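In what follows, a single structure is set out as structure tokens and then discussed.
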Amino acid sequence: MHLAGRLFRFRTPGQTFSRACRDLSFETPQGLWNQIEARPAPDLADAIECYWEGWGDIPPLKEKILPRTNIELMFNLQGRHSVLELDGKPLGSNHTGGWLSGLQRRHMLIETHEGSHFVAVRLRPWGAWRLLRQPMKDVSCRVPLLDDIWGDSIHELTARLHELPNPFARFDLLEDHFRRRLDSRARPDPGVIHAVERLHHSIGMQRIESLCRELGTSRATLSRRFNEQVGLTPKTYSRVVRISSLMARLGNRQPEDWAMLAAEFGYHDQAHLNHDFRDFCGTTPGEYLKRAAPGGGATIENPPT
223 MHLAGRLFRF RTPGQTFSRA CRDLSFETPQ GLWNQIEARP APDLADAIEC
273 YWEGWGDIPP LKEKILPRTN IELMFNLQGR HSVLELDGKP LGSNHTGGWL
323 SGLQRRHMLI ETHEGSHFVA VRLRPWGAWR LLRQPMKDVS CRVPLLDDIW
373 GDSIHELTAR LHELPNPFAR FDLLEDHFRR RLDSRARPDP GVIHAVERLH
423 HSIGMQRIES LCRELGTSRA TLSRRFNEQV GLTPKTYSRV VRISSLMARL
473 GNRQPEDWAM LAAEFGYHDQ AHLNHDFRDF CGTTPGEYLK RAAPGGGATI
523 ENPPT
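Every letter in the sequence shown is one number past the one before it in the numbering used here, and letter 271, counting from 1, is 493.
Encoded structure:
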């Protein structure tokens, strides 16, 4: 039996710190999907949530990736990945190199093809802002190719990732690369960070008007700063926080009382919860639980038999 979620520490040669890593691998009827997650060095923790790598010879899978509060930089090492639907519209784009997944207002439908292998950096929104050096609203509700963002320079990094022998060496390379690339002069607005922390602490139920009063700023000013350093308006971001918190609360279990759960997350009733969930995730909470991927945050649309 595979022990998913096991926490361990890994020290890489030549480094002055040891990584806290988590094994998030899981079994499917057709084989093992391997996934390892590692925390960044302390000096990058304000910008980067984690590094992770996934690989496996499982059959092609279609997944709905549900709205979340972080941004992913993906580097393809093998196979092909397709985005079939984005922000409620058919897309049909193929990704064989590197790409960025910005904050999304709605789910996106992707297909991971057989023999997939990729390594990724999960960024806090303002970490992505410091890295990309452009307004985050320009990449929200999009999945742009890294070539379009950084040009040919990304090819050298991808080639070096291919050459390295294991995930931990690739995490080290990514860390060194992004430490150099992060704009040291760009400092996130303290008001934006405070607002984001308050929204997470309140599971998205903090009223934006009261948040503006706390910060001594107008709603228009806060929205402008969010568009620059987060990518969504405060109101939309708060709704994403609430939905992602709700999914985390559900896990993979039916709640004993849907009405009580709705009240806990600030909904008028279960119908209001269902409407909001469908708006963001394209399905009801009950259907989500039937199809939820291990670890949550996605649904398997064509589960292997």
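Quick reminder that beta carbons are idealized off the backbone N, C-alpha and C, glycines included.
Only a predicted model underlies this, so the values are computations on that prediction, with no experimental measurement involved.
Beta-bridge annotation (DSSP): GLN257 is paired with GLY276. Contact between the region 304-315 and the region 256-269 is absent: fewer than 3 CB-CB pairs across the two stretches fall below 8 Å. Its Cα nearest to that of TRP372, the residue GLN356 stands out among GLN356, CYS363, ARG364 and ASP498. Secondary structure of ASP268 (DSSP, three-state): coil. Here the alpha carbons of ASP479 and ARG447 stand approximately 39 Å from one another.
Excluding residues up to 5 positions away in sequence, PHE248 lie with their Cβ nearer than 6 Å to the Cβ of PRO516 in the same chain. Residue environment analysis places ARG461 among the buried positions, since at least 16 neighbouring C-beta atoms fall within 10 angstroms of its C-beta.
SER338 counts as buried, since at least 16 other C-beta atoms from the protein chains shown sit within 10 angstroms of its C-beta. Secondary structure note for MET358: it is in no beta strand (DSSP E), with a DSSP letter that is neither H nor E. Inter-residue distance for GLY508 and GLU285 is about 17 Å (C-alpha atoms, whole angstroms). When secondary structure is reduced to three states using DSSP, HIS339 falls in the strand class. The criterion of a C-beta distance shorter than 8 Å is satisfied by SER466 and THR291. Scanning its chain for C-beta atoms nearer than 7 Å, with the 5 sequence neighbours on each side dropped, one finds around ASP369 the residues GLY319 and ILE376, in chain order. Per DSSP, ILE293 is one residue of the beta strand (DSSP E) stretching across 293-300. A direct Cα-to-Cα measurement between ASN449 and VAL463 gives close to 16 Å. When the five nearest sequence neighbours on each side are left out, the beta carbons in the same chain lying within less than 6 Å of the beta carbon of PRO262 are those of ILE270, in order along the chain.
Beta-bridge partners assigned by DSSP to LYS311: LEU308.
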